[in-house]
Amino acid sequence: VSKLGFGCIGLSGVYNAPVPEEVGISIIKYAFNKGITFFDTSDVYGLNANEVLVGKALKELPRDKIQLATKFGIVKRAPNGLEVKGTPEYVRSCCEASLKRLSVDYIDLYYQHRVDTTVPIEDTILWCNGRREN
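The following block contains the structure:
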């Protein structure tokens, strides 16, 4: 893992205007060529667009030299904060969707963006542990 990672949130306009797809891809490739091998995204960034963008960039890079992280748990922004979900079924569906959007066979680090306090953390993590074994 590189000493410096690249958080991809800014490419999809969460706190700023999104960059055009080809610019985002070139930024990720530039970062990789400068030695960054850890890229972090989330299913909620740009309403899934960030994972799609990262996936397109990864197709042009050696996947075996990249550590890819993405997150689950935020369903949407709500007027009074964030709606979060951590049920095993939701985690499974998010993981499968992220794999498709990223166009990869595996995710190196898959983690919870926000904890769902209505679901025991053991229930959320049990699914993740089972997936890791497969």
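Per the UniProt record's numbering, the sequence shown starts with residue 1, numbered consecutively. Backbone N, C-alpha and C fix where the C-beta goes; we use that ideal spot for every residue, glycine too. Keep in mind the model is a prediction, meaning the values are calculated, not measured.
As DSSP reads the structure, K76 sits in a beta bridge with E83. G5: member of the beta strand (DSSP E) spanning 5-7, first to last residue. Judged by beta-carbon spacing, L61 lies beyond the 9 angstroms limit of F38, meaning their Cβ atoms are not closer than that value. Counted as a single uninterrupted DSSP element, the stretch harbouring Y111 is not any alpha helix (DSSP H) but the beta strand (DSSP E) occupying residues 109-112. S93 sits exposed, since fewer than 16 C-beta atoms from the chains shown fall within 10 Å of its C-beta. The secondary-structure analysis by DSSP pairs D123 with nothing; it has no beta-bridge partner.
A residue is called buried once 16 or more other Cβ atoms fall within 10 Å of its Cβ, and A57 is buried on that count. Residue pairing by DSSP places K71 opposite Y111 in a beta bridge. Using a Cβ distance threshold of 9 angstroms, T70 and E96 do not count as a contacting pair. Where D40 is concerned, the enclosing beta strand (DSSP E) starts and stops at 38-40. Here R63 is exposed: its Cβ has fewer than 16 other Cβ atoms, across all protein chains shown, within 10 Å.
Contact check for L126 against P88 passes: the beta carbons are separated by less than 9 angstroms. Taking C-beta atoms under 8 angstroms as the contact rule, L53 and I25 qualify, at a distance of about 7 angstroms. The Cβ-Cβ distance between I36 and L11 does not fall below 9 angstroms.
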